[in-house]
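Chains as they are written, first to last, in the numbering used here: chain A, 117 to 760; chain B, 41 to 342. All residues carry an ideal CB built from backbone N, CA and C; glycine is no exception. Below is one structure; the comments refer to it alone.
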């Protein structure tokens, strides 16, 4: 094992070392008893460990001297503790995670600060940021390891798992460790992450499921027994059931190996489930730092409170709070407290003076008015909606089957969408929910069975459907980054859609575009913007406007909020809810997110393996699921309610 | 509801976010800032200027015999004389026009034939795709230089014929490239969305898809010009292009090759001219391609 401080070559007798010698040789091995060389955690700080695994002080990453991505970031991670780092896109959360590994993304530099990691160096600790790149590399994987968001992209698709795991060992310890010893360690670590070595080692990544690949990535991170883990949204691409298992696994491993983990995510509910402490980031600053129950139960920063209020919850329908305005990118952040233009409590000093950190008994808040904020953040729980009274089916599906070539995706689906209601189609990946929505809109040719709109049968392909039918059914796509023609201005996009169905004068056209933009809450000024000049939320609004301008009856929404930040998701959900009420639209809402379902749907259809599992009113299905499948799905969905 | 949403919209103009694909306007602007594009573009402009303005500013008539054959550099003949004793400089200035227009025209013909074919193949798929692509495979299999020589010997050395033949020879490759990029774009959600509301045929192909593939097609056009230069010049050298006594770079290479040892300038200067035009286009194309791919984007953005 390389000792970065001495620069010593690999030790050939690694495997043969006696237990006593081993302990001396490997100061970075987890030590359960407090190690005197490692500074104790700040007194009064909540946390699982009394030993600090990583300590970041005054971190600043910048693009240029006056454009910081993150600044003045300080926090500790105790051994065995999971610290959640939450923030929306552009908050700098990933930058902080990468800095802990000694990385800065291209174009950015780590300008100031220290990141002291336990378990290396003569004093027992090393500041990874003080080391040159070459020495930093020797720490990565061995002292601080990384678990990526997308395991499929971070495993080499053309190498077997065994090879990829053994390369980690070889990269740090050379070949000296010996094949057999390395093999044993690989088997042991695979068993730890719950994989059967004999079924895994000889396989290629594509032969594993998403959850298994993530387990392999965890094994790769753990194999050298690091002290610190950086987890970058490790469950974002996974289904809830898999996510629940992976979270449990991570929790267990961090505790048993006394690993300090930084869990970077945008998903507050996941942190409620797994984190010991939570850091909330906004515009490159940690605005709140406290124990999970403190932050979730008694958040003090107005941003954290608003953010928490914008998260839908699977247990009850809540009034989602919307944060006005949008996050400013580095270099354009407002003076004083960067949150002040969006803050309901802002006063004059917030505009000019950047707030310092106030310590409320281990609960750190960066806000001038933190002392005045107390108690539970108000979450207005809404009553269960009365199911739509209209019982006329606007859309009905009978015995629909669909597939790709030989592969059947949907089998014998029947459903009805009643006038004015919102039907949620829920399922995990591979359940066929997207194929189903594509069948409804006419983008999936290979289908059998009947889809009808108000009694009139619809052709399988959109181009064979009548103009009136195409106009009445409108589709909103998942990705706002992909669903608008990048070469057309917003008004050109809307005009194209309008002209497909209505042939009227230029003036009527322009009026229709202005109306559609107003309906989705966009200023008419944005009409001349190209899609890439808009934020994700604005783009999704344009997509909705494009559907509305066709004057539809039914909106088909395919995971429309899954690519958006939670606060943006809240505003889009409110927008859709409002439009439904105003215009009496019926809606089919395809999603994997049960919390969103709770918030928007009247009825729910659960889809698994291409078949309907159950259909019932939303409250009934979420509170008293009948099928085993739905039960597991719900129990695996993380909730904001922190059980302390 | 509407009040809440009104406050959501920031009053200041939207700032482009980082990490997102750049739009047409910024891609062009970025491309113009790249060193490659600047250098290649200047070379191309210079060579086109020489070809277009050159014939009007020749010091002597390109056909006038002013010295002895293969005379070296001397006062009044800065590049010496060619195999008949004509001024090499004047003939170089007068001899670029054909190469420039022929290579641009044949590349354009290749694009005009290949782009619609490729887009139709990608859009319709199925048997139409097969028909177009297998047809272009057959064309690809024909040795174009041999065919050009055959046609020229049958129909005479008509320049338009050469341009047309080279253009046709480009079409299969252009179709192949176009089909690939069209297929990528067709699967993206904004095209799916256009299909779902019933936009089809030319409106879909030219209104929605074409603007999104125009940048890679520009790159392809540049490559085709480079290929055309080599084909046109090659045919000239083989004697199937412009006929003596007209001045032409390719022809000069073959005419003066006999005196290469005594008067190398008669061969080297036209070769350099052909080379600079081709290389200039190549660097320009490469620069645009790299900007599109994002390789030079960051550097040129800073």
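If you follow the alpha helix (DSSP H) that residue 261/B is in, where does it begin and where does it stop?
250–277
Inter-residue Cα distance where the pair is residue 518/A and residue 281/B:
Each residue's Cα considered, the two are about 59 Å apart.
CB contact check: residue 230/B to chain A, cutoff 8 Å:
So, interface residue.
Could you check the C-alpha separation between residue 612/A and residue 626/A for me, to the nearest Å?
12 Å
C-beta contact flag for residue 712/A and residue 720/A at 8 Å
no
Cβ of residue 630/A within 8 Å of Cβ of residue 640/A?
Result yes, Cβ atoms of residue 630/A and residue 640/A sit closer than 8 Å.
Taking the straight line between their C-alpha atoms, what separation do you get for residue 185/A and residue 254/B?
If you draw a straight line from the Cα of residue 185/A to the Cα of residue 254/B, it comes to about 35 Å.
For residue 356/A and residue 553/A, believed in contact at Cβ under 8 Å, the rounded distance
Between residue 356/A and residue 553/A the Cβ distance is about 20 Å, and since that is not below 8 Å, they are no contact.
Go through its chain and collect everything with a Cβ distance to residue 95/B's Cβ below 7 Å, but skip five positions before and after it.
133, 134, 137
Under 8 Å between the Cβ atoms of residue 591/A and residue 557/A?
yes
Three-state secondary structure (DSSP) of residue 765/A
Missing from the structure shown is residue 765/A; chain A here goes from 117 to 760 and no further.
Residues sharing a beta bridge with residue 563/A, DSSP
518/A
Using a Cβ-Cβ cut-off of 8 Å, state whether residue 251/B counts as contacting chain A.
yes
Would you list the residues sitting across from residue 191/A in a DSSP beta bridge?
172/A
Along the chain, where does the alpha helix (DSSP H) that runs through residue 289/A open and close?
277–289
Under the rule that 16 or more other beta-carbon atoms within 10 Å means buried, what is residue 728/A, buried or exposed?
The residue in question, residue 728/A, is buried, as its Cβ has 16 or more Cβ neighbours within 10 Å.
With DSSP collapsed to three states, give me the class of residue 177/B.
helix
Of the listed residues 290/B, 238/B, 213/B, nearest to residue 178/B (C-alpha basis):
Taking residue 178/B as reference, the option from 290/B, 238/B, 213/B with the minimal CA-CA separation is 213/B.
Check the C-beta distance from residue 222/B over to residue 159/B and give it rounded, since I have them as a contact under 8 Å.
5 Å
With a Cβ-Cβ cutoff of 8 Å, do residue 120/B and residue 279/B count as a contact?
With respect to residue 279/B, residue 120/B sits apart: the two C-beta atoms are not nearer than 8 Å.
Give me whichever residues DSSP pairs with residue 125/B in a beta bridge.
Listed as beta-bridge partners of residue 125/B by DSSP are no residues whatsoever.
Got a sec: is the Cβ-Cβ distance from residue 433/A to anything in chain B below 8 Å?
At a cut-off of 8 Å between C-beta atoms, residue 433/A does not count as an interface residue with respect to chain B.
Please report whether the beta-carbon of residue 692/A lies at a distance below 8 Å from any beta-carbon of chain B.
With respect to chain B, the C-beta atom of residue 692/A has no partner C-beta closer than 8 Å.
If I'm right that residue 597/A touches residue 655/A with Cβ under 8 Å, what's the distance once you round it to whole angstroms?
7 Å
So residue 202/B packs on residue 211/B, CB below 8 Å; how close in whole Å?
Contact doesn't hold; Cβ gap of about 15 Å is too wide.
Give me the Cα-Cα distance between residue 144/A and residue 423/A, rounded to the nearest whole angstrom.
Residue placement at residue 144/A is poorly supported in this model, since its pLDDT is 40, which falls under 50; the coordinates still yield a value, given next. C-alpha separation (whole angstroms): 38 Å.
Starting from the N-terminal side, write out each stretch of the beta strand (DSSP E) that is 3 residues or longer and does not extend beyond the segment 638–712 of chain A.
670–674, 702–707
So what does DSSP say about residue 96/B, is it helix, strand or coil?
helix
I want to verify the contact list: residues of chain B whose CB lies under 8 Å from the CB of residue 595/A, in sequence order.
229
Identify every run of the beta strand (DSSP E) within the segment 426–465 of chain A, keeping only runs that are complete inside it and at least 3 residues long; order them along the chain.
none
Could you tell me which uninterrupted beta strand (DSSP E) segments, each at least 3 residues in length, are contained entirely in the segment 576–626 of chain A, listed from first to last along the chain?
589–592
Is the closest heavy atom of the ligand FMN to the C-beta of residue 394/A under 7 Å?
As far as ligands go, the structure on display features none, and thus does not contain the ligand FMN.
Could you round the C-beta distance between residue 309/A and residue 348/A to whole angstroms and report it? I think they count as a contact, below 8 Å.
Not really, about 17 Å apart at Cβ, beyond 8 Å.
First through last residue of the beta strand (DSSP E) which encompasses residue 479/A:
479–481
So for residue 200/A, helix, strand or coil by DSSP?
Three-state DSSP puts residue 200/A in a strand.
Secondary structure at residue 241/A, three-state DSSP: helix, strand or coil?
Looking at residue 241/A - three-state DSSP - the assignment turns out to be strand.
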